[in-house]
Each structure stands twice: as C-alpha cells, then as structure tokens.
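There are 4 protein chains.
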Amino acid sequence: MLTTNPFDDDKLREECGVFGVSGAEGAAALVALGLHALQHRGQEAAGISSFDGTEFHSYRAMGHVAGNFDRDEIIRGLAGEVACGHVRYSTTGETALRNVQPLFADLSSGGFAVAHNGNISNALRLKRDLVRRGSIFQSTSDTEVIIHLVATSSYRSLLDRFIDALKQVEGAYSLIVMTPEGMIACRDPLGIRPLVMGKLGDAVIFASETVALDVVGAEFVRAVDPGELVIVQGTETRSIRPFASVAPRPCIFEYVYFSRPDSIADDRSVYSVRKAIGAQLAIEHPVEADLVIPVPDSGTPAAIGYAQQSGIPFELGIIRSHYVGRTFIQPGDKVRHLGVKLKHNANRGLIEGKRVVLIDDSIVRGTTSLKIVQMMREAGAAEVHMRIASPPTRHSCFYGVDTPERAKLLAAKLDLGGMTDFIHADSLGFVSIDGLYKALGEAERAAIRPGYCDACFTGDYPTSLTDQDELAPVEQFSMLEERVG
Amino acid sequence: MLTTNPFDDDKLREECGVFGVSGAEGAAALVALGLHALQHRGQEAAGISSFDGTEFHSYRAMGHVAGNFDRDEIIRGLAGEVACGHVRYSTTGETALRNVQPLFADLSSGGFAVAHNGNISNALRLKRDLVRRGSIFQSTSDTEVIIHLVATSSYRSLLDRFIDALKQVEGAYSLIVMTPEGMIACRDPLGIRPLVMGKLGDAVIFASETVALDVVGAEFVRAVDPGELVIVQGTETRSIRPFASVAPRPCIFEYVYFSRPDSIADDRSVYSVRKAIGAQLAIEHPVEADLVIPVPDSGTPAAIGYAQQSGIPFELGIIRSHYVGRTFIQPGDKVRHLGVKLKHNANRGLIEGKRVVLIDDSIVRGTTSLKIVQMMREAGAAEVHMRIASPPTRHSCFYGVDTPERAKLLAAKLDLGGMTDFIHADSLGFVSIDGLYKALGEAERAAIRPGYCDACFTGDYPTSLTDQDELAPVEQFSMLEERVG
Amino acid sequence: MLTTNPFDDDKLREECGVFGVSGAEGAAALVALGLHALQHRGQEAAGISSFDGTEFHSYRAMGHVAGNFDRDEIIRGLAGEVACGHVRYSTTGETALRNVQPLFADLSSGGFAVAHNGNISNALRLKRDLVRRGSIFQSTSDTEVIIHLVATSSYRSLLDRFIDALKQVEGAYSLIVMTPEGMIACRDPLGIRPLVMGKLGDAVIFASETVALDVVGAEFVRAVDPGELVIVQGTETRSIRPFASVAPRPCIFEYVYFSRPDSIADDRSVYSVRKAIGAQLAIEHPVEADLVIPVPDSGTPAAIGYAQQSGIPFELGIIRSHYVGRTFIQPGDKVRHLGVKLKHNANRGLIEGKRVVLIDDSIVRGTTSLKIVQMMREAGAAEVHMRIASPPTRHSCFYGVDTPERAKLLAAKLDLGGMTDFIHADSLGFVSIDGLYKALGEAERAAIRPGYCDACFTGDYPTSLTDQDELAPVEQFSMLEERVG
Amino acid sequence: MLTTNPFDDDKLREECGVFGVSGAEGAAALVALGLHALQHRGQEAAGISSFDGTEFHSYRAMGHVAGNFDRDEIIRGLAGEVACGHVRYSTTGETALRNVQPLFADLSSGGFAVAHNGNISNALRLKRDLVRRGSIFQSTSDTEVIIHLVATSSYRSLLDRFIDALKQVEGAYSLIVMTPEGMIACRDPLGIRPLVMGKLGDAVIFASETVALDVVGAEFVRAVDPGELVIVQGTETRSIRPFASVAPRPCIFEYVYFSRPDSIADDRSVYSVRKAIGAQLAIEHPVEADLVIPVPDSGTPAAIGYAQQSGIPFELGIIRSHYVGRTFIQPGDKVRHLGVKLKHNANRGLIEGKRVVLIDDSIVRGTTSLKIVQMMREAGAAEVHMRIASPPTRHSCFYGVDTPERAKLLAAKLDLGGMTDFIHADSLGFVSIDGLYKALGEAERAAIRPGYCDACFTGDYPTSLTDQDELAPVEQFSMLEERVG
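Chains as they are written, first to last, in full-length UniProt numbering: chain A, 1 to 485; chain B, 1 to 485; chain C, 1 to 485; chain D, 1 to 485.
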C-alpha cells in the first residue's frame, strides 16, 4: 500500500498537542479552533472536555478535528466556560477510542479531566502496583496512571493529591487538568515538552504552541516554566513550583521539525531558527550547485537560509500535491512503483541538466530521501547533493515522540558514506550538533547540562527510563473497533 | 414522532439477555447466534467478549446483533473457545457505549469480563464507598460495582473475592463471568432473573432462555439454581452454593411477556402457561362474542387458550406489518394521527358488525389499548371486549425491568371502571393473581413466601431496596456520542 | 450465507407496489406512508416524485421506505399536492439506482414521471427499435420504453401520445403517471396487476392494495378497471377506455400470497379467500392429526380455515423471530447448518409426540419446506403432513413476478410422490386448481377464458411473450454502485 | 460558515480535467492515478469508465478521487485495457450524480462514453431542438447534447456521426470518447482547453496536463492540436482534422493559475512562465521593501521571480495549514471572525516592522486579498504592497471556467485606486496584458488574432455565445440527493 498521506513521510512524529481555556463563554469552540491549529501534533484522534460549573461534558473521536469538532451539535453539547482538548498520535498499536484524551474520572473530589503531552517513563511499573491494590484501568494510556495516583493518594486536598501523584512519575509531561475547583496547567521539571500561556480578553489560555494562540486571536503571555503549576480559577491565576529546581532540557526537535514555523518557542521564532540552521549548514557543508531545492514543506525554511547564505538560487524543484490530506490506497499491483509521485512531482523543466542541493529537515529511515534523490535523477539532474538540517538521528525517544526502534534508524546503522550510498546522493551533509546549538544562539553544546534534550541525536537521556529496563508486560485485552448507532 | 418500532408498545421491557459458551471452537460465533435469539430481551446494544487462553477480546456496539455481530472480521477477531455476550435495553438515559456489556477489567488476577442480567438495588451506596477509597468507575452501570468489589476484596483467590463481592450486593443478578481460570455462571439467591445451562457436544452453554439453546442446536440440561455458582474450566463443571438457602422467587412476568413462547422456563413451556392463562381468563371473564382476536403478537397464545376454552372462533382481526423492525419517523404534521396503522391494521372484512374479544398480555400505560379498541370500532366492530392475561400492573420493578414511574401505570391510577372507560372498551377483565398462579400449576398465590416475584402486581418486593430509600446522586459527567473512523 | 431475511423464503416475489396522491397538501408524506404499507411488494428500493405546480421533485433510494422516506428534509424537498411513489424488488441482476422508479423525463410537453407495477413482455424488441432511431435509454428498466414511445410519438396531445405508447406494449402494467397537466392511473386491458382508487377528503388516491388506503386513512372507492385510464386534474377525475374490451385476467397469486391478508382485492377479502382455500384443502386432503400448525406468517389464514373445517386444534407450533427484518449473515463455517433456526424455531413442548398438519401457502423450490419438516421431526413430531394452499407452481411468470427458471421449480421436476419424498413429509397435498377457483366463489376453473391469470399453475399465458421468443441481447454496460458525499 | 477549504479562495476555478488510456492492462488503475494528479481541476466529483472488449463499466462518485477510486473492488470492477475518467467542479447549482462524467449511452452502434473539459456555448438551444424531436436527457450537463447529436445523426458511420455532432456545437471542448471501435480524443478548433498525448510502453494516454503523465510514469509526446481528432484502436493512432483551419486561442489563464506549476503547456514550463510574470511585475511595478512574500501556494513562483528580479529577499511570511483539505465549519458565532487564520497565519516574527510585497496570482472578488493585507498589518507590517501576476479580471468566462457574474468581479467595478482602497494596501499593481504576453515569449498582445483566449481580461470572446443571448429556460426537475444501500 502506497499512500499519499502527508504523514507517511520518513519523519519522527510528535505524539500530542494540548489546548485549554478558562473563563471564556463557549470555551469549547475556542478549543476546537486551537486543536485545529495543533493538528500537525496528532492526527489520529481528538477530544474535548468542558465543565459548565456543575457537569463535565466530553466528546472524543477518531480522526481529525475538522469533520468532528466543527459540528454545531457537538460544540453545543460541550457547554461551559472552561474546556480543554487534545490531539493525539498513537505510538502503540492500541488505537481504541478509550485511549483518546482528555481522560476523565469521577473522583470523590468530583470530576477530573486530563490532557497530556509527553510520556511517563515509569508508567508500567506504577500501573502494576496500582492494579495490585485494586485499581481498574480503563485505558492503556500512560496518562491514566496519574489519575489513579490522585484517586488513591492519602493526601486530603485535591492539589496535594495531584502534586503527590506528579512526584511519583518520571518522564515528560505538559498537562492540562480540569477539576470543579479550576484548571491546572503544568510542565515537568525539565520542561521537555512545550506549553505556553496566553490571554484572550480575560480568559486564560494554554497551548502546546503559540500558533494556536494566533488562530484564536489570543495574545501570547509567556511559556509555562519547567516544574511550574499554573492554577486558574475563573480568570485568576497563581503559580506554584513544588519541585526541586533543575536546569531545563526542552526538546530540541521542536525547532527542527515538530513545531509549526510560525510558532514562537521559548522566545525564539521557529522559522528563524530553521533559517539559521540552513545558513549554518551552508557554512559547514558548502557545494557548487545551480539550485537550492527544499523537500516540501518541512525543508523550506532551512532551504531559504541555505540559499541566502550560499547565494545559490532557491527554486521549487519539487511540487507537492495539495490532495494528500487523505490516504490514497493505490489500486492494483501493476502501478505500485508509481506511488511516490502522487505526493511529490519533480519540476522537470527546472531540474534538467542542473546541479541541485536538496534540503530536508531530518533523515529517519532514509526511505523517502532515496525516492526523492531518484526522482531528481529521473528528471535529469546533473548532480544531487543532500543537506540535512539536523544531526544524524541515532536514538529512540521515550518522551512522547514516535521513533522507530533503533535498528531502523539509518544513522544508527550506517556511517556517512554508507548513508550517502544508501540514498544514492552525490554528497550528503548533516548540520553538526554544535552547529545546531549555534543556530539556537549558543556557542556550542555544553558537555555538562546542555540546554536542550537532544537524546535522539546524542543518546543523553535526561531522566531515568524505568519501564525500558523492565520487561513490558503483555497487554492481555484487545478491544476491537466499536460502533455507535 | 410516531414510530413503527415494535418496542414502542405499551409493554414492560426486560433489560438484558446473557449467553456464554465454554469449550467450543469458534465460541464467539455461537454467542452471536445465541444473542440473536435473545434479541427480544434487549435491542439497544450488544457485546461479546472472548478469551483465547492468553488474551481477552471484546467488541461492543450500539444496535442489534444482526448488522454488527454477523460480520466475519468481527467474529474472527473474537478468538477463543470461551466467550460470553450480552444484549441490553437501557432503563436510564445513559446510552453510551461504555455501558454496553460485557464489562471488562484487568485485575491483578488477570482479565475479568462480566455480563449481567438484573439490577443491583444497592449499587449507588456501594459505588459511593468505593469511590471514596480511590476506585475509578468507567461506566454508570450498576454492574461495574461488582468488578470493583472483586478488585478491592481482601480475599486471596479470585473465587473468594467474587463471592465476597456477591455477598455485598442486593437485588437481582444472573451473571456470566470470564476469567483466565474459567467461566462462572451464577444466579442470585432468589433466582429472580432466569439462567439455564445446556450442552453442545462437550461445550457448556449458559443462556437467559432455552430458545437460545435451540438456536445453536444445544441440548437443555437444567436451570442454574437460585444461589448457585457453576464454575466451568474447559468443559468441566462444578457447583458451589455459598449463600444461605432461601425460597426462590423467580420473576412471574417472564411467563406473562418477557420470555419467548418457545422457551421452557423452570420446566414449564411458556406457550402452554400462556394458553392456560388465556383459558383461565375465559373462565374468570366470559363474554358472548363472535370472534377472539389476539393483539399481535404477544397476545396470541392466550387468545388461542381463550378461544379453545370458550368455543368462540380465533381469528386474525389485526394484521401486523412485517416492516416495523426499524423506526419509521413519521414525516410531517398533517399525517401524524395516522401513525398507529403503520404497525397494526384492522382486518376490516372480518370485523364489521361483529362482537370481538381482544386478548392482550398486559396493560401498562393503556395508550396502545385505547388505540387498538378505537381501530376495532372504526372497522365496524359491534362490541369490543378487552381481556388481559395478567393482573393489573400497579408497581415499578427494581430488578432489571424497565417500568415507568408508578404515576404512569394505568392500574395505579384507576380502578377497573376507570380503566374500562379510559380505553373505551365495552368491558375489561384481568386474570386474577390466583388465576395466574393456577395457570402455573399452583392452587393459589401463597400469602407467605409465594413461589414467584410478583411485585409489579402486588408490591411485595423480595429484597430490600437500599438505593430507592436514598437520594440518587446527580451524575456529573455527560459523554456525548463518540466516533470511530 | 444463511440469512434471517424474511424474504429469503422459498416464495414467489411480487416485483412492485405503486401509490399516488392528487390534491392533498403534503402529498409526498402520504405517499411515504402508503409505500410503507406496500413494502411487502418490493423491499429493494423505493422512490417518490412530486409536482408542485411548477417543478418536479424526486428522491430515490436503495433500501426500505423506513430509514429513507421518514426523514423530514427528504419529505420537505418533495413539495407539491401531487405525488407518486414506487417500491421495487428487482428480478434482474441490475440493481442500480438509475432503475429505481418513478422514472422521470423532461419531454417537450414538460416533465413526465411514471411508476409501474408489472412487466412489458415486448420491451426488448421495442427498445431495439427506439435505439435504432436515436433514443438513448438511461435505465435497463422495461418501463422506460413507455416514456420513449411517448416522447417520439407522432401524436400531438400528451394523452394521445400516451395511449399511442400503451397500444404498442404487451404484458402487464398498472401505471401511475404524473405530468404538468395531471395524474393518470391506468391498468392493462387484462388487469393482470391490481390497482385501486380511494379518497381522502377531496384528494384522489391510487394504490396497489387497499391496505395502503387504510394506512393513510383513506376511503376505498373502487378498483381501477382493466383497460381503464383515470385522469385526475387536481381533485377532478374522468375515465377513458381506449382499448378493445376483453375479459379480465387478474393475477390469482395475489390471493394466494402477494397481497396482505387485510387487503380487499376486487371486492374479496384476501383473508377470507385464504381461509376458504384452507377449508377447501381440509376437504380435498383430510388427515388424522393432533395439531394444525401454520408456517408463519403467510400460512396462518389457511391454517385457521383448515383447523375450523377439520376440527383439529390450531396451534403455534413454529415461532418466528421478530428480528428477521435485516439480513443476518451467519458468521463462520462451523455453525452454518444452524441457520434456519434464527428465523423459525419449533415450539418443542407442543410438538413432541404429536401428529402435525403443516399449512403453507405455496412451494417453489421446496428447500424451506424440507427444513421445516425436519425441524418438526427434530422436535419429536410423530407424523408430519404438509398441506399447500395453492396448486403446484410449475411455470414462470413474465408479468412482474420474480420466479426462478422453470428448472428450479420443484413441481416442474417432480410428481407428488417425488415432492413428498423430497421434503421428507408423511403426506403432501395441494389444493386443486378447481378448488382454488371454488375458494374464489366460482364453481370451477373455466376451460375457456378463466377468470384469472393462473399461468404459474397452468402455463396458460394470457398475452404473447415476444421477448421470450427472441434472444435476450447482452446488456453491454455495467454501472457499479455509486456514491454521494 | 467560514471554512478552511483550500478552494474557497478568491480564485477562478477550472471546471474539469480528463484522462484516458488505451492499450494498457488495468487501464482504470492508471486513470485513477492520472485523475488524482488532476484533482486541482475539479474537486466535486469524479468518474471512470472502462471497456473490456465486450462490456463497458462505469463508476462515478461525489467527492475526491482518493477515498473513491483507491478502493480495490472499484478498480477491479472497471475491467479492460481502455478507460477514461473525469474530475469535475460544477459551476451550476445542480450537483447530482447523474451529471458526473464520463457520460454514457447505449447507441445503436454500441456503447458511447464521453469525458469533456470545456463548455458548449449553444447547448441550450441544441437541447431544445433535440427534446422537441423526442430525445430524453438524463443529465443537465451541456455534454449530453453531443451524445444526442451523435445518436440522431443521419450519417452512417460512428465517426461521421461524431464529426456531424461536433460541427453543430460552439464553444470549448477537449473530449475523450470511448466506443467499441476505439478511443477518440479531440480538441475544439480554437484549442481553448488543453489536451496532451503521452506514451507508457505501447499504451496511448491523453490528459489535460502533463503532470498527469508524470504521475503515471508516461512520456509526454505532444499536445493534441486544436481541431484535431486522434483516433486510437488498441495502441494504433491516426489523426484527422475535419474543421476549417483557424488560428488557435488556448486559454491564457492556464498559465496564470489553473495548471499545476510542474506541467508543460504547449512546450512552456508553467513554473517558468509564472516566474517570468513575477519578474515582469517587478519591472512594471517596483517598490522599496524588505521582504517578498507569496500568498501561498499559488503566488509562490511569481514571488520567486519578483524576488530574483528585484533583489528583495523571498521569505515565507504567511504559513498555510496542511489541514485545509476538508471543510472546517466553524462552530459558534462568537469566534466567527477568527476563521481565516485556520488556513493562513502570519509568520509574526518575520513581519514585524517590515515593508512587505505580497505576490498573488489574481484578484477575483478581492475578499481574500483584503483579509491577507489585514493579517499582515495585524502582524506589524510597516507597509503592505500587493502585486498581482495577471491583469485585472473584468469579464466572465463561458468556456468551462467558474467565474462569478461580472457584477462581483472587483476589477469590473473599481479602478486601480478603488481596488487599492478596497483591499487596504499601500499600493497595488497588476501585470499589464502586454507584460503577460511578454512572459509568454511574445513582444506584446497582437490586436488582431492574439495568440491566446484572454477574454476574462479583455472581453474579446473568440466564439459566438448563443445561449448567453437567449433566455435560460427554467430547469423544471430537481433530483434530491440519492442513496445507495
């Protein structure tokens, strides 16, 4: 099956995006817009929960935000001035609706809804202990562990129970929680996954990226700090920082690929960082060529940077179909090899006889790079040089990013020469890890306490990985697709 | 909205049917057939769980068995030689998929699936206690209480934990439970709801009614006894009776309406009992008339009994459309009053100028009876005499039957004369409560320890009704319809 | 694939039902109700066309009336005081939407919609001629021939063109036509298929059966005469009879099976005729037995007649599931042989040790009869005697009834002894052809000009069969299922 | 309703794309791929017809190619080595399936399927005559006129009948016709709409654009000439030119917007022409500015040309969401004004304080331009200069392009100053008509017989417009949406 799905690219995939609103009439409609702007962070499923002062309401669906959360009857059903939502890409095989967030539970303190971006790296061990004590899990999501820790905590107040729970979990989490007493947004002590705060009139807004603030017309206030809990009651906010302070390690790959280029991450324009990486790449890996061509669309900002630095003209040598939003299952065996062109086509008139520099943001398995290089050659390119706007991806991520097992990562298997051969390029260059930090305004990567989580490039994981070190228990229950109506 | 749904009748509604198989290859396919035969016990939703020796599988869907559980890919996904299923009619407003049974939980002892016919009459009180201790409920079903009681029991073995749980619940339950160690079928100490056991080759089968055994070609072995747990491992069975012995009180309404006429309930043919009630009715309430006409289809056996006893010819004076299986929402206001005829039509040629005796099984609100009498008059009937094959229904049921609140029961509001006037009949007669027991082979209803639960007629409830005596807490969470795909 | 579809019976199948209204506000809503009452005449597809004085509107759908024509937006879209509709069962493999009626064409005289019950027996020859002269057919329906004959007629007025068309066609037709000038209902000169006229207030109504008049609350006026055209403008009607007069030959099978028992066909109650056939059967084929059991539901009236005549008690020995309205595709191979019981189940308690007389309306292939007899034997019947309320079906119908090819008709292959053996009965008896005419009030079947079309029993076809005598041309176009939205 | 549909832009819309294959095994699979590549030419519906040597097969569906024509069972049903297909955008209100092409008819010569890009400008007059003579139309498509002209032609051979038909029609047509004798591709004498020919092995391919050849891996052979009929039998082709020779007038807007940039139209790279227009625009309308920003995606090639000519850096100042492929109906009134940002968002970090030149391909109503300018201002742009890569669009198109009525065209209502004010820009410049011809390699637009149809800019229509000069008759039939299954 060849597809034109835009997400069948050879890319790492962000697992989730979250969005929350407190203090706005029709909060759920704003959440729907915000989630639409975060759709690139999770295309598999989406959900919104709201609280109307008395009751919680929830709607979750497989598929995109559009087509589900643009139905009037759905939004009307999600009444209240407080709402939060979630878009999800699943990394496991388990895609049932019961795993779609926000997760909800009726605790003795009242309703408790949670939307989570990240991954708890000791979830399996915690779950085993909880089940032994009588807890019953309704999902296979790591997030549910947090809810059970809150439910069974021996502290009295809900806030204390929540902090008690967070202190037991390891890993990455940006959370938006809704309770009858208010909304809580928080980020793990290392701030691995992003979370920003905005204002729309009096309403308080949280989102994974600033682009979601733009879309709802909200003003960007600041990032939620690593280790910070922001507690909102109506439109009033207060912060607490219950964790020992550590140096933050936000995910560097947000700059490379995950975030939208029009987002501002920790005060930096993502677009500008990508252009700077491209310029750095031109310095580190110059080449004599006629055209700089982005692999659309994620390679474009770096390609502009490369072209401006090198003086080689930027041209659209690969045209991307607009109609790749839905999977096209290619019919018949005969035409199977033709599939890649459904998505990308060489701009033949431009390429013929030219030496081209292709700019892409990253290489994971290398399969798409190979096809793109071949497409350039078939269109008559004289030379094909590939430049990559990130260092070689050599390690899996355990913090909420979908990475293939290490054995499938091209850079974990082959050296530069091997990779160049594999993708049939005339030359191949990756930006260096120091070059990447330079594009972010630092002189180089600090050997001790570097400013970002760059484990996928370096293998330097900032937390312990409890579950990885134990045997993953076999999930013994399979829920088939279910049907309503 | 007028509909032709066959279940918009003025009837009490059985809430559930259960079916289980242990020790048969392709067990889920048998369960699908069995549930189809029990469809009259619950049309709203259905589910099947199976266990393949390692993993549990489950599929639940809103709607009928046909259209959901006759899809090959679904049945193939429900692998294993052990399976159980459930059909459901909801009595509460909550119709979400998460309430569809079998319910499933991953306990520390492994998977635990349960299908339940009946109603736990102290479920709300038990739930409140469990939530206070940290349990998180995934459904609003009373059945889930049993699972949490098992999960948090301080006993060691799963069987002891299960018995511990059952000893805390009040009310009616016929349960089929699946665990990695085997299947358990059990019936509450009073045996309020039915449960029978059969054999198909070596395989052991449990079902709410014998008709489901017939449909899969199984042999009827015996009813599960009130208070009995039948434990099946593979094809081996053993029984335990952990409760103090009490006189059974099976539901008498199963004979009046719930069970299919071709079922055998506690060694009695339901069809024969209904004919005997009809004959008793002819003795208690004779009338000079030309025709005995059943209100189709549930009044037919009693009408045959009435006709044979009275010598008045049995005729089809009301023709029922075959096409009432799905709701027909009547379009437009103009034609609203015509709706009832979509379902039933008078056999005009037969009725004109005749004195007719209509036989129906019961009257709940009286609305349908009124329409039927009017239809007879419009077709030219000279006299219309209504005879009812059960005593007046005056009390609500709290054991798994959908009854309207008392204020809507015609017989709770009006005396015989008032009811006769309300339905515009020339005369009206109900079989007496003693007559009903006579049709069941007893001399009369015993004042002390009568042989059946007849609370809907007498108000004599055989258990305490804890939740009825406390205030029902407001459910604070509303899950909208959800979507897959 | 075993199914529980109620129409997988071993029955002949009526192809169509028609219903028309002129002069009633919201005419389409009445048509929807009328078609629902005629659903037994065609379950595959349905359509309604309306005329609002300026524009024609149309909606056609695969499937039942309920679920399609009970949607408010559909009925609202079918504006106007004139409307007609059609239910259809297809006899050919071609089931595309473009064949669903009413068919519509924009003629030079304006719109022209037609709903047809019957079959044109020279349609293929006429079509070939029309195509040769440049006509383009949009369906494979024989009915479209009539429209093209009207379009290309050399007469001037629309009525003359329509009569010109009818004079060229052979076979059976009950038609309801809508034009800007009014509605025309007509019946072929032999009156093979039924058509009745009714009144609802001032509105004029046409329907295939009186039961559809009952359902909309209309009064039965009279049958449309064979060879009559009733022309309606608003609520005014006039009749013309453009054909030479011949003795009518209405279809006798309408009394045996097609019509609903509560219909009045040509002044006779269908129910009473069926009871009379049953009584005649008891006279012609008496037997000593304990129970008379109908094969539900179509055998019931004849069984009542048989029981009353013979004095043997009528009992429900076979219980029919209510849930057979939709197909249940039986999952898995293992349980394939169990399928028939999904639909019918023996009332075991009643049958055991008894001599039973089964009454069915007809035998076509004999496959169902065999299963029913076996079911009785498995339930312990001492003897099983089958009695059939029609003569042996030995010939195909070419007038709008779905009959298998002759080679598949049991009675065309085997004599009485052979059929008795095939179905494993102890005895088998069919009512005689003279007995059938007796039940209809005649002394016997007249050898010359019998009063009914009984070709399926006698092979005596009342028209020539042009297309049958020529080679059916290969249809060279296959339209796959199509999709909206 | 605000939507993120990519086609709610303020753009003219091409109505159709066609694709045909003769002589390739599994031809329909190739057609599906080709249509996917032409999806931008018609998003409303698609259809494919095939011929297997004996029978024609057809499948048509509302919606995109993906989701309909990537289903194996559909492609398998479209058997044969000859197939053609069509994508459609409807310009009229009539969107029923019966208008989806290829249209098909059974003529006396056998099947006849036709896919048409263009518009017959005397279709209504021809239809009126045909109906008067007895033809019955099944669609409201102008294309069907051609089929009826063929069916009723007095010539003998199919080819003569087809030419006879073409000689009677006026307007624009690129046609692919399938008959049992072979495939015919043809282009109207002026060659208004494009059509190219390619080869894949021995197979002959026709397509609206070369990009569709690329996608199936075919080699571009040449454009079909204006007035040429290419007749293909198997893999053999021959040409006839039955029309008097006239100077061609291909549509100039294909270069401006309709064609994909990676297509080659009449030997010119569309991408290069667009860059040349951008460069010409920089010469004609220079401005001092900091950034050149394309309105994505159609303005990008011209923006690159403008940037290269002017030396002002090309930057992505507007980010387009990837998730606009499906309509997002914005929920609730409160957030209505926020809608446009769902689709486009300003790259705020880049824009702030900068003087920007926006490049778009055309302005139709001006509504989107206004929103884009405002978005730039809200993001802090110091100056906003709009440059348009086509002359002002002042006239409707009657040759198969969806243009609003003249009264809605901004340039038909306002002069340059008025337009500049309307969109709130600091300055506005359109490329001149002579500049546009320069970009196409000509010195200027020839006053007499210019090389292209540029009627939308100049009002100089190359054919007579018969139907425009007569009153459009009211279509008297409305077919509601229909349902299968």
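Idealized CB from N, CA, C, for every residue including glycine.
Which residues share a DSSP beta bridge with residue i?
i, result
"proline 294/B", "Ile359/B"
"glycine 171/A", "Ile120/A"
"histidine 86/C", "Val18/C, Gly47/C"
Closer than 7 Å by C-beta to residue i: which residues in its own chain qualify, once you throw out the five before and the five after it? Chain order, please.
i, result
"aspartate 142/D", "Asn119, Ile120, Ala123"
"serine 139/C", "Arg98, Asn99, Leu103"
"threonine 420/C", "Ser427, Leu428"
"isoleucine 147/D", "Leu103, Ala105, Phe112, Val114"
Whole angstroms is fine: what's the gap from residue i's alpha carbon to residue j's?
i, j, result
"glutamate 288/C", "serine 263/C", "33 Å"
"aspartate 469/D", "serine 154/D", "29 Å"
"tyrosine 452/B", "glycine 110/A", "41 Å"
"isoleucine 312/A", "lysine 127/D", "59 Å"
"histidine 116/A", "tyrosine 399/A", "12 Å"
"isoleucine 283/D", "glutamate 442/D", "17 Å"
"proline 189/A", "proline 391/D", "58 Å"
"alanine 411/B", "isoleucine 277/B", "19 Å"
"glycine 20/C", "serine 432/C", "37 Å"
"valine 160/C", "glutamate 15/D", "Just to set this straight, residue 160/C is aspartate in the shown sequence, not valine. If I take the Cα positions, the gap works out to 43 Å."
Report all residues from its chain with a CB closer than 6 Å to the CB of residue i; omit the five preceding and five following residues, and keep chain order.
i, result
"alanine 28/A", "Ile48, Ser50, Ile75, Leu78, Ala83"
"tyrosine 461/A", "Ala455"
"glycine 17/D", "Leu38, Arg41, Gly42, Val87, Ser208"
Can the beta-carbon of residue i be found less than 9 Å from the beta-carbon of residue j?
i, j, result
"valine 384/B", "histidine 424/B", "yes"
"valine 100/A", "alanine 66/A", "no"
"phenylalanine 253/B", "valine 401/B", "yes"
"isoleucine 351/D", "leucine 291/D", "yes"
"alanine 218/C", "isoleucine 205/C", "yes"
"proline 286/C", "isoleucine 192/C", "no"
"isoleucine 359/B", "alanine 302/B", "yes"
"leucine 229/A", "isoleucine 318/A", "no"
Contact check, residue i vs residue j under 8 Å by CB: the rounded distance?
i, j, result
"threonine 179/A", "leucine 158/A", "6 Å"
Check: Any residues in the segment 282-300 of chain D with a beta carbon nearer than 8 Å to a beta carbon of chain G? Which ones, in chain order?
Finding: Protein chains A, B, C and D are contained in the structure displayed, whereas chain G is not.
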